[in-house]
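*Asks:* Shown below is the structure under consideration.
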Amino acid sequence: MIQTYSKADAGKALTEAGIKPSAQRVAIMQYLMASHAHPTVDEIFRALSDEYPTLSRTTVYNTVWLLAESGAVKSISIDRANARFDYTPEPHAHFRCRSCGKIVDVMLGELPKPSAPGLIIDSVNVFYEGLCDECVTKQSKQN
Ligand SMILES: [Zn+2]
Ligand SMILES: [Zn+2]
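Under the numbering used here, the sequence shown has 316 at position 136, and the numbering climbs by one with no breaks.
Put into structure tokens, the structure is as follows:
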């Protein structure tokens, strides 16, 4: 199912998250809502820089982290420098292809939360690794 999101949808999501919807922030949010590729800061910057020539990498970085801290999007990865960003609001795990590095959503009804006395857990990241369908097809053709 391909869902499209307008600038108005993105602006509304920002306002609901308590973030002032500037034109560049709206563009970044709209991109995240439409993308299922879990883009990095760099990928978002490259995708939008033609349309927004005054957009800087720093603005993208600051915006996605503002969005992540407000809960409007999720950051994936414990390592902040390599973080990827994800709008998909339903709870889900991720699958990373060992060969091409692609990250796809794996829908799960409920993500496991361990009982860990003293820890306040407000976010869960579940990662699977293996080979994606495209890489399996490529490999079977080579053999
Ligand atoms: Zn792959
Ligand atoms: Zn995801």
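All C-beta atoms, glycine included, are put in the ideal place defined by N, C-alpha and C. Nothing here was measured: the structure is a model prediction, and the numbers come from that model.
Quick check: residue 187 and residue 210, are their CB atoms within less than 7 Å of each other?
*Replies:* yes
*Asks:* Flag residue 268 as yes when its Cβ comes closer than 6 Å to any non-hydrogen atom of ligand 2, and as no otherwise.
*Replies:* At least one heavy atom of ligand 2 lies closer than 6 Å to the C-beta of residue 268.
*Asks:* For residue 219, which residues in the same chain have their Cβ closer than 8 Å to its Cβ, ignoring the five residues on either side in sequence?
*Replies:* 211, 212, 227, 264, 265
*Asks:* Pull up the DSSP beta-bridge partners for residue 277, would you.
*Replies:* DSSP lists 310 as partners of residue 277.
*Asks:* On a Cα-Cα basis, can you pick out the residue from 238, 242, 257, 195 that is closest to residue 306?
*Replies:* 257
*Asks:* For the alpha helix (DSSP H) containing residue 222, name the first residue and the last one.
*Replies:* 221 to 228
*Asks:* Ordered along the chain, which non-local residues of its own chain (more than five positions away) have a Cβ less than 8 Å from that of residue 185?
*Replies:* Result list for residue 185: 210, 213, 214, in chain order.
*Asks:* Going by the C-beta, is residue 285 closer than 6 Å to any heavy atom of ligand 2?
*Replies:* yes
*Asks:* Could you check where the beta strand (DSSP E) with residue 254 kicks off and where it finishes?
*Replies:* 254 to 256
*Asks:* Applying the criterion that 16 or more other CB atoms from any shown protein chain within 10 Å of the CB defines a buried residue, is residue 206 buried or exposed?
*Replies:* Around the CB of residue 206, 16 or more other CB atoms lie within 10 Å, so the residue is classed as buried.
*Asks:* Name the one or two DSSP bridge partners that residue 283 has.
*Replies:* 276
*Asks:* Could you pull out every residue in the same chain whose Cβ sits closer than 6 Å to the Cβ of residue 241, ignoring the five residues on either side in sequence?
*Replies:* Counting only Cβ-Cβ distances below 6 Å, and skipping sequence neighbours, we find 221.
*Asks:* Helix, strand or coil for residue 302? Go by DSSP, reduced to three states.
*Replies:* Coil, per DSSP.
*Asks:* Any Cβ of chain D within less than 7 Å of the Cβ of residue 262?
*Replies:* This model lacks chain D altogether, as it is built from one protein chain only.
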